[in-house]
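A quick write-up on the structure given underneath.
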Ligand SMILES: [Zn+2]
């Protein structure tokens, strides 16, 4: 018999399969509050031409719309793959109480570190915001 976490993750895996069937990277997510699934999503950046259309972002937007609030206290977000920096940040802003992911992602989860490398001294930066200048 599945624990609730296992049952919700099983549903997230079904959503990931929908993404795969649509030619997307297979990631699925859902949000639960008080034992009720309030939103679901799967990866859609390719089909929507939207780089932010990750499974978690789609689920967060749907949960916020349903809740009439951008904050989602008391929620658990289940996702099949470790969230990237964008989604992790959005989850913090939304006050998701408990993130649960199935598989670690050493590639995407390091996205923030890659961005940091580009901001090192000597890298291109907008005028007036150059690192290492006197002001
Ligand atoms: Zn993401």
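Numbering (our numbering), first residue to last: 258 to 392.
Backbone N, C-alpha and C define an ideal beta-carbon position, used for all residues, glycine too.
Being a predicted model, the structure only gives us computed values, none of them experimental.
Any chain B beta carbon closer than 9 Å to residue i
i	result
residue 292	Reference to chain B is not applicable here, since this structure consists of a single protein chain.
Alpha carbon of residue i to alpha carbon of residue j, nearest angstrom
i	j	result
residue 348	residue 317	8 Å
residue 320	residue 260	23 Å
residue 343	residue 310	11 Å
residue 313	residue 356	10 Å
residue 306	residue 315	14 Å
residue 391	residue 328	With a pLDDT of 42 at residue 391, under the threshold of 50, the modelled position of this residue cannot be trusted; read the value that follows with caution. When rounded, the distance between both Cα atoms is 40 Å.
residue 262	residue 286	13 Å
residue 382	residue 324	Because residue 382 carries a pLDDT of 42, less than 50, the predicted location of this residue cannot be relied on, and the following value inherits that uncertainty. Approximately 39 Å, taken between the alpha carbons.
residue 292	residue 265	10 Å
residue 274	residue 268	10 Å
Beta-bridge pairing of residue i - partner residues as DSSP gives them
i	result
residue 288	296, 334
Of the residues the options, the one placed nearest residue i, counting alpha carbons only
i	options	result
residue 339	303, 358, 324, 285	358
residue 363	326, 277, 341	341
residue 300	335, 264, 328, 276	276
residue 361	336, 308, 353	336
residue 330	295, 351, 346	351
residue 308	271, 278, 258, 282	282
Enclosing beta strand (DSSP E) for residue i [first to last residue]
i	result
residue 356	355-360
Residue range of the alpha helix (DSSP H) that includes residue i
i	result
residue 343	342-350
residue 259	That residue, residue 259, is in no alpha helix (DSSP H); it is neither H nor E in DSSP.
residue 329	Residue 329 -> no alpha helix (DSSP H), and no H or E assigned at all.
residue 323	312-324
Whole-number beta carbon distance between residue j and residue i, since they are thought to touch under 8 Å
i	j	result
residue 354	residue 332	6 Å
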